[in-house]
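Asker: Have a look at the structure that comes next, please.
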Amino acid sequence: MSALLLTRLDVAGLMGPADYLSAVETAFRLSKHGKALSPPPMHIPGLDGGFHAKGAALLNERQVVALKLNGNFPGNSRLQLPTIQGVVLLCDARNGMLLAIIDSIEITLQRTAAASALAAKYLARADASALAVCGCGAQSRAQAIALAAVCGFHRGAAWDADYRKAEVFSAEMSKVLGIPFEPLPDLRSATRGADVIVTCTTAQMPFLTEADVSPGAFIAAVGADNPDKSEIAPSLMARAKVVVDNLDQCLEMGDLHHAIAAGVMTAAAVHGDLGDIVTGRIPGRAGSKEVFLFDSTGTAIQDVASAVRVYEKAVAAGIGTPFAFAAP
Numbered sequence: 004m005s006a007l008l009l010t011r012l013d014v015a016g017l018m019g020p021a022d023y024l025s026a027v028e029t030a031f032r033l034s035k036h037g038k039a040l041s042p043p044p045m046h047i048p049g050l051d052g053g054f055h056a057k058g059a060a061l062l063n064e065r066q067v068v069a070l071k072l073n074g075n076f077p078g079n080s081r082l083q084l085p086t087i088q089g090v091v092l093l094c095d096a097r098n099g100m101l102l103a104i105i106d107s108i109e110i111t112l113q114r115t116a117a118a119s120a121l122a123a124k125y126l127a128r129a130d131a132s133a134l135a136v137c138g139c140g141a142q143s144r145a146q147a148i149a150l151a152a153v154c155g156f157h158r159g160a161a162w163d164a165d166y167r168k169a170e171v172f173s174a175e176m177s178k179v180l181g182i183p184f185e186p187l188p189d190l191r192s193a194t195r196g197a198d199v200i201v202t203c204t205t206a207q208m209p210f211l212t213e214a215d216v217s218p219g220a221f222i223a224a225v226g227a228d229n230p231d232k233s234e235i236a237p238s239l240m241a242r243a244k245v246v247v248d249n250l251d252q253c254l255e256m257g258d259l260h261h262a263i264a265a266g267v268m269t270a271a272a273v274h275g276d277l278g279d280i281v282t283g284r285i286p287g288r289a290g291s292k293e294v295f296l297f298d299s300t301g302t303a304i305q306d307v308a309s310a311v312r313v314y315e316k317a318v319a320a321g322i323g324t325p326f327a328f329a330a331p
């Protein structure tokens, strides 16, 4: 049987935000029933960057395993190469057969955004109407689109350390989302009136503080995906009800990791993980003034659930390049 090679261009048109949201919600639900399993991620150093390996099994009716290897090389722009490049290997969990080799970048963008949207679906206020985006790169675009699919935003604001990026981002999102989107040079003026805030930066020092956030806000903290990155002030972490994607992972990276190191939080203070929320094991929002924060470090169960849906849609649509990998 042939395996399938799927490039980023192949992947990009196969699924929309609703498809990724469904896949990611399924993964977090299955994680509470022992049917979405993943070991800790592995970090592999490189010469001028490094690699991040994550693997998971999805053991529902699909029975698949995926391994994602992403390389992050900040100096690649000098070589006219992407900073992040990666691949997903998708295998049949019943017999080990390779099903597909898939470019990982689109899947990573979309499954990350889908997790924020899933958290917002359960934790943002039902009347949320204003979005603030902090950091205006590719992930921010995916985040804004995914969040808008679950929240009825009437307006948006964008902030970036490079104001020109906020201008370009706002012009694009105004067209894509069909709502007024304003670039703002001051962080607080972007976030203070927002019902939903998403942080997607490469910051290594926290920049979002208690004073920047209104009562009742939902925050998706996305950028701190390794131990050196930090976006959220520890005091804000301590004030908010914190929901994590994976507790063990967030104890090693993400903004929870920094809040604990600062001595203002413990693991016991975490409200729960996203699987707890979507299965109803732990209650979500109880009042309009609660500040909820989703600490998103990115999990392998999101990758495997998204990759198998991409593969199935590609097979059905006849997209991709089949190749013989193993001898019969």
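So in this note's numbering, spot 92 of the sequence shown is number 95, and the numbers just go up one at a time.
Each residue gets a CB set at the ideal place from its N, CA and C atoms; glycine is no exception.
1) What did DSSP end up calling GLN146 once you bin it into helix, strand or coil?
2) Quick check on GLN83: does DSSP put it in helix, strand or coil?
3) Does the beta-carbon distance from VAL311 to ARG65 come in below 8 Å?
4) With burial defined as no fewer than 16 other Cβ atoms inside 10 Å of the residue's Cβ, what is the status of GLN83: buried or exposed?
5) What's the C-alpha gap between ALA164 and ILE322?
6) For ALA327, which residues from the same chain have a beta carbon less than 7 Å from its beta carbon, with the 5 sequence-adjacent residues on both sides left out?
7) Where does ILE222 sit, in a helix, a strand or coil, going by DSSP?
8) Is the region 207-219 touching the region 171-180 in the sense that three or more CB pairs, one from each, lie closer than 8 Å?
9) Going by C-alpha distance, which of VAL201, VAL179, GLY155 is nearest ALA161?
10) Since VAL313 and ILE110 should fall inside the 8 Å C-beta cutoff, what is the C-beta to C-beta distance between them, to a whole number of angstroms?
11) Just confirm the distance between the C-beta atoms of GLY53 and ASN75, as a whole number of angstroms; I'd bet it's less than 8 Å.
12) Hey, SER143 and VAL153: beta-carbon distance below 8 Å or not?
13) When the Cα of LEU92 is compared with those of GLN207, ALA319, ALA303, HIS46, which residue comes out closest?
14) Are any of the Cβ atoms in chain C nearer than 8 Å to that of ARG97?
15) Contact between the region 279-293 and the region 7-18 is defined here as three or more beta-carbon pairs at a separation below 8 Å; is this criterion met?
16) Quick check: what's the CA-CA separation for HIS2 versus ALA227?
17) With distances taken between CB atoms, is the gap from LYS334 to GLY99 smaller than 8 Å?
18) What number of angstroms, rounded off, separates the C-alpha of LYS232 from the C-alpha of ARG81?
19) Take VAL27 as the anchor and find which of LEU61, GLY16, MET240 has the nearest alpha-carbon.
20) Here's a check: name, in chain order, each residue in its chain whose Cβ is nearer than 6 Å to the Cβ of ASP265, leaving out the five neighbours to either side.
21) Which ranges does the alpha helix (DSSP H) cover as unbroken runs of at least 4 residues, wholly within the region 155-235, from first to last along the chain?
22) With H, G and I counted as helix, E and B as strand and the rest as coil, what does DSSP make of PHE328?
23) According to DSSP, is GLY352 helix, strand or coil?
24) Could you pull the start and end residues of the alpha helix (DSSP H) that ILE105 belongs to?
25) What is the C-beta distance between VAL1 and GLY58, in whole angstroms, given that I count them as a contact (C-beta under 8 Å)?
26) To the nearest whole angstrom, what separates the beta carbons of VAL179 and ALA131, a pair I think is in contact under 8 Å?
Answerer: Working from what's here:
1) helix
2) coil
3) yes
4) exposed
5) 39 Å
6) SER5
7) strand
8) no
9) VAL201
10) 6 Å
11) 6 Å
12) no
13) ALA303
14) Here chain C cannot be found, since the structure has a single protein chain.
15) no
16) A query on residue 2 cannot be resolved here, the shown segment of the chain reaching from 4 to 331 and no further.
17) Residue 334 lies beyond the residue range present for the chain, which begins at 4 and ends at 331; the question has no answer from this structure.
18) 23 Å
19) LEU61
20) Note on identity: in this sequence residue 265 is Ala, with Asp being the wrong assignment. Cβ neighbours of ALA265 beyond the five flanking positions: PRO237.
21) 166-180, 190-194
22) coil
23) The requested residue 352 does not occur in the structure, where the chain is confined to residues 4 to 331.
24) First-last for ILE105: 101-106, but that is the beta strand (DSSP E), not the alpha helix (DSSP H).
25) Residue 1 lies beyond the residue range present for the chain, which begins at 4 and ends at 331; the question has no answer from this structure.
26) Actually they are not in contact, since the Cβ atoms of VAL179 and ALA131 sit about 19 Å apart, beyond 8 Å.
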